[in-house]
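Here's the structure we're looking at; comments come further down.
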Amino acid sequence: MNTRFLPVTREEMEERGIWQPDFVYITGDAYVDHPSFGAAIITRLLESQGYSVGMISQPDWKKKESIAVFGEPRLAFLVSSGNMDSMVNHYTVAKKHRRQDAYSPGGQMGLRPDRAVTVYSNLIRQTYKHTPIILGGVEASLRRLAHYDYWSDSLKRSILMDSGADIISYGMGEHSILALAEALDKGIPVQKITFVPGTVYKAKEAPQGVQLPSYEALLQKKETYAESFKKQYENMDAFSGKVLIESYGTKGYVVQNPPSRPLTQEEMDQVYELPYTRTYHPMYEEKGKIPAIEEIKFSITSNRGCFGSCNFCALAFHQGRIVQTRSHESMIEEAKGYLKEPDFKGYIHDVGGPTADFRHPSCEKQMTKGVCTNRQCLFPKPCKNLKADHKDYLEILRTLRNLPGIKKVFIRSGIRFDYVNADASPVFLEEVAKYHVSGQLRVAPEHVSDKVLYYMGKPEHRVYEDFLKRFAKANEKAGKKQFVVPYLMSSHPGCSIKEAVELAEYIRDMGFMPEQVQDFYPTPSTMSTCMYYTGIDPRTGKQVYVPKTYREKAMQRALIQYKNPENYMLVKEALMEAGRTDLIGYDKKCLIRPQKGTKYEKNRTTTRREETPKKKKAIRNVHKKKRGKA
Numbered sequence: 010m011n012t013r014f015l016p017v018t019r020e021e022m023e024e025r026g027i028w029q030p031d032f033v034y035i036t037g038d039a040y041v042d043h044p045s046f047g048a049a050i051i052t053r054l055l056e057s058q059g060y061s062v063g064m065i066s067q068p069d070w071k072k073k074e075s076i077a078v079f080g081e082p083r084l085a086f087l088v089s090s091g092n093m094d095s096m097v098n099h100y101t102v103a104k105k106h107r108r109q110d111a112y113s114p115g116g117q118m119g120l121r122p123d124r125a126v127t128v129y130s131n132l133i134r135q136t137y138k139h140t141p142i143i144l145g146g147v148e149a150s151l152r153r154l155a156h157y158d159y160w161s162d163s164l165k166r167s168i169l170m171d172s173g174a175d176i177i178s179y180g181m182g183e184h185s186i187l188a189l190a191e192a193l194d195k196g197i198p199v200q201k202i203t204f205v206p207g208t209v210y211k212a213k214e215a216p217q218g219v220q221l222p223s224y225e226a227l228l229q230k231k232e233t234y235a236e237s238f239k240k241q242y243e244n245m246d247a248f249s250g251k252v253l254i255e256s257y258g259t260k261g262y263v264v265q266n267p268p269s270r271p272l273t274q275e276e277m278d279q280v281y282e283l284p285y286t287r288t289y290h291p292m293y294e295e296k297g298k299i300p301a302i303e304e305i306k307f308s309i310t311s312n313r314g315c316f317g318s319c320n321f322c323a324l325a326f327h328q329g330r331i332v333q334t335r336s337h338e339s340m341i342e343e344a345k346g347y348l349k350e351p352d353f354k355g356y357i358h359d360v361g362g363p364t365a366d367f368r369h370p371s372c373e374k375q376m377t378k379g380v381c382t383n384r385q386c387l388f389p390k391p392c393k394n395l396k397a398d399h400k401d402y403l404e405i406l407r408t409l410r411n412l413p414g415i416k417k418v419f420i421r422s423g424i425r426f427d428y429v430n431a432d433a434s435p436v437f438l439e440e441v442a443k444y445h446v447s448g449q450l451r452v453a454p455e456h457v458s459d460k461v462l463y464y465m466g467k468p469e470h471r472v473y474e475d476f477l478k479r480f481a482k483a484n485e486k487a488g489k490k491q492f493v494v495p496y497l498m499s500s501h502p503g504c505s506i507k508e509a510v511e512l513a514e515y516i517r518d519m520g521f522m523p524e525q526v527q528d529f530y531p532t533p534s535t536m537s538t539c540m541y542y543t544g545i546d547p548r549t550g551k552q553v554y555v556p557k558t559y560r561e562k563a564m565q566r567a568l569i570q571y572k573n574p575e576n577y578m579l580v581k582e583a584l585m586e587a588g589r590t591d592l593i594g595y596d597k598k599c600l601i602r603p604q605k606g607t608k609y610e611k612n613r614t615t616t617r618r619e620e621t622p623k624k625k626k627a628i629r630n631v632h633k634k635k636r637g638k639a
């Protein structure tokens, strides 16, 4: 394991004989030098190419000197909010402050600002008027063009316009950051670096490309935003994507170049084999550990990208739909490295990525022609060209679990159940049941209503039911009693109280309450967020129902957890609104019992238990009571 972190002070930098770093990287996360953290990957990659980098983690945004630790970098400032969007990091879907920040020492909140990328970038500009600023990470990536902002309930401009930065490196940034570094190192002014794939820049004149509606036009009609989003969605592919241009009137244009090409397997291996320390900086020992490291420290990233089609997920916008993978050799060497760690107990927590069992592009043509712009790989049904094959993933799982010193290899990043169903062979699921599950397998059907599932980009409910049957058979063969725990979502566009009740009835029939319940969270640049804001399905241009009021959202969530006594009144209100008062009563099919003195109590339905005659008191007991009273 490497024991040398990047410099975090001027003294550490000068000890290396560096008086001016090439880059200064500013992040909203604590400094964790692990490849699960984007900051670690980008900084180590630059270092491997001979560039010097100074690291400033969680600077005090109220003091401009906090970003001047290393002075002015030779080439550029690099700015990221961290592994999470700062607004999602700070606020629940109900817009309440979270209690813990897993990416800060001791889980402490308040060590980064809201809209961190914008705040940090403006802070830099107060001191360094002309130094290039490059934005990266998920917050900048998903705000690269005009976008709906849930927290202000407004349509915001590209983050380039509000941050004072020069360029965004969006998506997976390895290719683009090295190209930007090379251009800057050659002395090309940042304003003239307009040719790098995977970047967004500002321009005074519009280049050749696809003209999106202007920001002013987007503000006037929500239908226009839905149309614009569809064009963006159709141009997310590195092979077929076109230059996108968004006008800001007298302030010029924001221009998005097509995405960077996917990493080759050799390049992926090189990225994950850089000399990371694989832990957090020792300066946090007194402040408390970094909670986020606990689950991922002994997890192996095997892939990137996802062709899963979930409309509420931003992965397609950020990582792309083409799956990229690491070699078996690279992952095996990483696992062997764990054996040397004193705190490794023999358990690999995960082998996966956005979707664990994706180990190759969904079809052969993607690596030359890109993904289809007018169809999905799995939705609404698996494409006839889909290559559903788990052989490669099975092979690496078998190798890892048979390594000396490895006790268990878990799969926690989730498997795609419709993809499993598309694989005719039962072997993968049988081995998952036998070796890689500990009592529970978590999957994400999200809902049971086919109407809602359509808007989610998820398969029909029957597909999930088929999977449950297959998993049951796999458990039977393994001689184990394990069950599936579903992730469920409330208040997604297309879901009314009627569909929410349908989901509650399904939960009732499951026989247990789900632990994981998520209200739909309208985060930037997802298809579902576009539906939420516009009330339009951008795929079809048709209207879609959107639950927006706090009251309805609360009712939908309460229905999923209807057994919770605290939810009683909300559940009752929801059932009355849905015209489903038949679910208020004493029958085993009812969700809640009536309150005393209501009309629902008078219409009490007799249950089997109540049909059994009550035992009469024995005569001797009556006599005993009488004697006692006397």
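For what it's worth, my numbering labels the leading residue of the sequence shown as 10, then goes sequentially.
Virtual Cβ for every residue (Gly too), placed ideally from N, Cα, C.
Here isoleucine 299 is actually not in contact with valine 17; their C-beta atoms are around 14 angstroms apart, not less than 8 angstroms.
Annotation: lysine 400 is outside any beta strand (DSSP E); the continuous alpha helix (DSSP H) that includes it extends over 400–410. In its chain, beyond the 5 residues on either side, Thr334, Arg335 and Ser336 have a beta carbon closer than 7 angstroms to the beta carbon of glutamine 274.
Runs of the beta strand (DSSP E) lying entirely within the stretch 417–492 and spanning at least 3 residues, in chain order: 449–455.
Alanine 190 places its beta carbon 8 angstroms or farther from that of leucine 272. Fewer than three beta-carbon pairs drawn from the stretch 112–123 and the stretch 304–312 are found closer than 8 angstroms, and the two stretches are therefore not classed as touching.
Residue pairing by DSSP places alanine 85 opposite Phe32 in a beta bridge.
Within the DSSP bridge table, the entry for tyrosine 157 names Leu164 as partners. Remark: C-beta atoms of proline 30 and phenylalanine 79 approach each other more closely than 8 angstroms. When Cβ pairs closer than 8 angstroms are counted between the two stretches, the stretch 55–68 is seen not to touch the stretch 98–111, the count staying below three. With contacts defined by Cβ atoms closer than 8 angstroms, alanine 174 and isoleucine 143 form a contacting pair.
Residues of the same chain with a CB within less than 6 angstroms of the CB of valine 128, apart from the 5 flanking positions on each side, are Trp70 and Pro122 in chain order. Look at proline 495 here: in three-state DSSP terms it is strand. Here glycine 466 has Ser318, Cys319, Asn320 and Phe388 as same chain residues with Cβ atoms under 6 angstroms from its own Cβ, once five neighbours each way along the sequence are excluded. Nearest neighbour of alanine 155 by Cα position, chosen from Gly182, Leu228, Lys104 and Asn244, turns out to be Leu228. Leucine 144: member of the beta strand (DSSP E) spanning 142–144, first to last residue.
Straight through space, the alpha carbons of proline 216 and alanine 192 are spaced by roughly 20 angstroms.
Under the DSSP assignment, aspartate 359 falls in the beta strand (DSSP E) whose first and last residues are 359–361.
Note: glutamate 214 is not bridge-paired with any residue in the DSSP secondary-structure output. In this structure, methionine 522 places its C-beta atom within 8 angstroms of the C-beta atom of glutamine 570. For glutamate 342, the closest alpha carbon among the candidates Ala323, Glu23 and Leu283 is that of Leu283.
In the structure shown, isoleucine 50 adopts helical secondary structure according to DSSP, grouped into three states.
By the CB criterion at 8 angstroms, serine 269 and serine 163 fall outside the cutoff.
When the beta-carbon positions are compared, tyrosine 473 and histidine 501 stay at least 8 angstroms from each other. The C-beta distance from tyrosine 210 to isoleucine 176 rounds to 5 angstroms, short enough to meet the 8 angstroms contact threshold.
Each of Arg451, Val452, Glu243 and Pro468 was checked against the Cα of serine 458, and the nearest Cα belongs to Pro468. Glycine 37 and lysine 104 have their C-alpha atoms roughly 20 angstroms apart. Going by DSSP, glutamate 24 is part of the alpha helix (DSSP H) stretching over 19–24. Counting of Cβ neighbours within 10 angstroms places leucine 15 among the buried residues, the total reaching 16 or more. No Cβ-Cβ contact shorter than 8 angstroms links leucine 450 with valine 418.
Glycine 448 counts as exposed, since fewer than 16 other C-beta atoms from the protein chains shown sit within 10 angstroms of its C-beta. In terms of CA proximity to glycine 588, Ser505 leads the group Ser505, Ala344 and Ser434.
Scanning Phe204, Pro82, Glu373 and Ser150 for the CA closest to the CA of threonine 532 turns up Ser150. Secondary-structure assignment with DSSP links aspartate 175 through no beta bridge to anything.
Between serine 311 and valine 360, the gap from beta carbon to beta carbon is short of 8 angstroms. Cβ-Cβ distances below 8 angstroms link valine 436 to His399 and Leu403 in the same chain, with the five nearest sequence neighbours on each side left out; the list follows chain order.
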